[in-house]
Amino acid sequence: MSNLTNEQEDVATQDVTDATAGATEEKTFFGQPRGLANLFGVEMWERFSFYGMQAIVIYYMYYEVTRGGLGMDQAAAASIMGAYGGLVYLACLAAALVADRMLGSERTLFYSAVLVMCGHIALALVPGYAGLALGLVLIAVGSGGVKTNASVVLGQLYSRNDPRRDAGFTIFYMGVNIGGLLGPALTSFVWGWRGFHWGFGLAAIGMFFGLAQYTLMRKETIKGAGQETPNPLPAKAYPVWLGGAAVVVAICVWLVVSGIVKVVWLSNIVTVVALFSAIGLWCQMYFSKLTTKKEKSRLVGFIPMFISGVLFFAIFQQQFTVLAFYSESRLNRMVFGYEIPPSLVQLINPLFICAFSGVFATMWTRLGNRQWSVPVKFGVANVIIGLSLLFFIPFSGGADNTTPLWALVWILFLFTVGELLLSPVGNSLATKVAPEAFPSRSMAMWMMALAMGTALAGSLAAYYDPTSAASENTFFTTLAVILVILGIVMFALKNWILKKFVDIR
2 MSNLTNEQED VATQDVTDAT AGATEEKTFF GQPRGLANLF GVEMWERFSF YGMQAIVIYY
62 MYYEVTRGGL GMDQAAAASI MGAYGGLVYL ACLAAALVAD RMLGSERTLF YSAVLVMCGH
122 IALALVPGYA GLALGLVLIA VGSGGVKTNA SVVLGQLYSR NDPRRDAGFT IFYMGVNIGG
182 LLGPALTSFV WGWRGFHWGF GLAAIGMFFG LAQYTLMRKE TIKGAGQETP NPLPAKAYPV
242 WLGGAAVVVA ICVWLVVSGI VKVVWLSNIV TVVALFSAIG LWCQMYFSKL TTKKEKSRLV
302 GFIPMFISGV LFFAIFQQQF TVLAFYSESR LNRMVFGYEI PPSLVQLINP LFICAFSGVF
362 ATMWTRLGNR QWSVPVKFGV ANVIIGLSLL FFIPFSGGAD NTTPLWALVW ILFLFTVGEL
422 LLSPVGNSLA TKVAPEAFPS RSMAMWMMAL AMGTALAGSL AAYYDPTSAA SENTFFTTLA
482 VILVILGIVM FALKNWILKK FVDIR
């Protein structure tokens, strides 16, 4: 593309736009391309299994053996959760490389879903620490592949400036959260009825349904999206890549099993790895001869968006660490005379997402070019989630099970508003700023923001002390101030960022 004249580029762009317009005349899924329905389904079931397992696995780790758990220390469990969550997004990097250089995005998506199902089966059938480690690693690697490539394939169903694009991603995100709503509800019920391993088994069944649905609709709805391998690797290089990957995995396993790397270090290690991975991805795209001057400008503008995303998710992902502990020990979970399990608290966020995703999608569609620019959406999200933490302060240092449920519901409502302003918009932005030669790698770079944020959530949990009111106040107030200041900075940088984005807002 870099060898074309300006006139040829204009003609090629017009041809693509015309072809896209013709392909999208048929509005069969909320006015969106038909492939959205299939991707919506497979992502919904993948999230069903993912969040269903995640709702109960932290309790599986630190509950006593007599209660069906592994009896870990809470700090170790939080570190593993942070590291696992970060590894999911780190796996996006590997998935992007496989998609860009070996299989293409669509096939990588399919095989990643298979790995997810195998991971849930391992958790369900293999007891003890071996089943936990094998299951979490397989799920993390597979989920990373699904997350990266589902968004890339979806992005290729639209032209770069299609006004339906953000609305389509928001609808897709609603599918994510329908799965996130049903998964914890059903696995929590099965956990209480038959135990942890039955809950993990239900997650495996959900992923099987997702694979079956996707396979049946695959050729008819996805068609050519994600089939191309943008920068194919020579066949003779395959053994080197695969052998190198096997060596890295073996070394990591040995370091943990031997005790050289402590469990409580895992979330910090994942944070650092994600940071250097993001820097490497950015440099590779920016300094590549395949990246145009306009694409380089967009990559520079993406830097503050990345930082905003990291710190947002460092707070948002506390749902699975600090808020998980808080829900069991501090929250009054009595509802109509029945004490709900702590894992059901994780239904609140996806319930709000399901209720308001359509509202946000409709709002962005109707506003069209009058909607807030992306930097403003990110800034507002940072301010909202920062302010939400201040609502914990009136209950600091309280007795066990005394915080009213409505307080946590309100806090998670604010979490949700921030999430809808930032997460689906960030996914869409990553596909917009992507250099043509690196469509999957750009999405993987955005996933590194989630990797860092999620791992940081596990690290920050070590500083949370529910036994001291002063400590709780410091924890929540410090994080709130940081996020509000970040939001203000995003507002101040709006014009500079939009200038760097060239024709993206």
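Take the sequence shown: its position 228, counting from 1, is numbered 229 in the numbering used here, and each next residue is one higher. Where a beta carbon is used, it is the ideal one built from N, C-alpha and C, also for glycine.
query, result
"When the Cα atoms are used, what is the spatial distance from L391 to W407?", "15 Å"
"Hey, S397 and N474 are a contact pair by Cβ (cut 8 Å); roughly how many whole angstroms apart?", "5 Å"
"Taking the alpha helix (DSSP H) that D167 belongs to, which residues open and close that run?", "166-195"
"Going by beta-carbon coordinates alone, are G454 and V384 separated by less than 8 Å?", "no"
"Could you pull out every residue in the same chain whose Cβ sits closer than 7 Å to the Cβ of N269, ignoring the five residues on either side in sequence?", "S460"
"Taking Cβ positions, are S309 and F416 nearer each other than 8 Å?", "no"
"Among the candidates V323, P305, E420, whose CA atom is the shortest distance from the CA of S358?", "E420"
"CB G169 to CB Q372, shorter than 8 Å?", "no"
"Output needed for S429: all residues of its chain with C-beta closer than 7 Å, excluding positions within five of it in sequence on either side, in chain order.", "R166, D167, F170"
"What residues are listed by DSSP as bridge partners for T293?", "None, per the DSSP bridge assignment."
"Ordered along the chain, which non-local residues of its own chain (more than five positions away) have a Cβ less than 8 Å from that of V434?", "E296, R299, L300, G302, F303, S443, F502, I505"
"Which same chain residues, not among the five before or five after A100, have their C-beta less than 6 Å away from its C-beta?", "S106, T109, N150, S441"
"Starting from the C-beta of R48, find all residues in its chain whose C-beta is less than 6 Å away, skip the five residues before and the five after it, and write them out in chain order.", "V177, G180, G181"
"Rounded to whole angstroms, how far is the Cβ of L37 from the Cβ of I172, which I believe are closer than 8 Å?", "7 Å"
"Verify whether the separation of the beta carbon atoms of F313 and L423 is less than 8 Å.", "yes"
"Rounded to the nearest angstrom, how far is the Cβ of L133 from that of L124, given a contact under 8 Å?", "7 Å"
"Out of A382, T404, M335, point me to the one whose CA is closest to I483's CA.", "A382"
"Using DSSP with H/G/I as helix, E/B as strand and the rest coil, what is Q157?", "coil"
"Which runs of the alpha helix (DSSP H) at least 4 residues long sit entirely within the region 331-371? Give them in chain order.", "349-368"
"Helix, strand or coil: which one does DSSP assign to W479?", "Just to set this straight, residue 479 is Thr in the shown sequence, not Trp. Reduced to three states, the DSSP call for T479 is helix."
"Helix, strand or coil for T230, going by three-state DSSP, please let me know.", "coil"
"Give the DSSP bridge partners of T404, in chain order.", "L332"
"Determine contact between the region 49-65 and the region 194-210, defined as no fewer than three beta-carbon pairs at a distance below 8 Å.", "yes"
"What is the C-beta distance between A445 and C93, in whole angstroms, given that I count them as a contact (C-beta under 8 Å)?", "4 Å"
"Determine, using beta carbons only, whether V323 and Y465 come nearer to each other than 8 Å.", "yes"
"Between the beta-carbon of L267 and the beta-carbon of A470, is there less than 8 Å?", "no"
"Beta carbon of E329, beta carbon of P351: below 8 Å?", "no"
"Between which two residues does the alpha helix (DSSP H) carrying M82 extend?", "75-99"
"Let me check understanding here. Comparing Cα to Cα, which of M118, A400, Q75, L137 lies closest to A462?", "Q75"
"As a quick exercise: from G338, L345, F477, G184, pick the residue whose alpha carbon is nearest that of P395.", "F477"
"Using the Cα positions of M335 and A400, report the straight-line distance between them to the nearest angstrom.", "15 Å"
"Using the beta-carbon count (16 or more within 10 Å), is S152 buried or exposed?", "buried"
"Among L158, A114, G338, G193, whose alpha-carbon lies nearest the alpha-carbon of V142?", "A114"
"Rounded to the nearest angstrom, how far is the Cβ of Q318 from that of P185, given a contact under 8 Å?", "About 15 Å; that fails the 8 Å criterion."
"Is F307 closer than 8 Å to A279 when the C-beta atoms are compared?", "yes"
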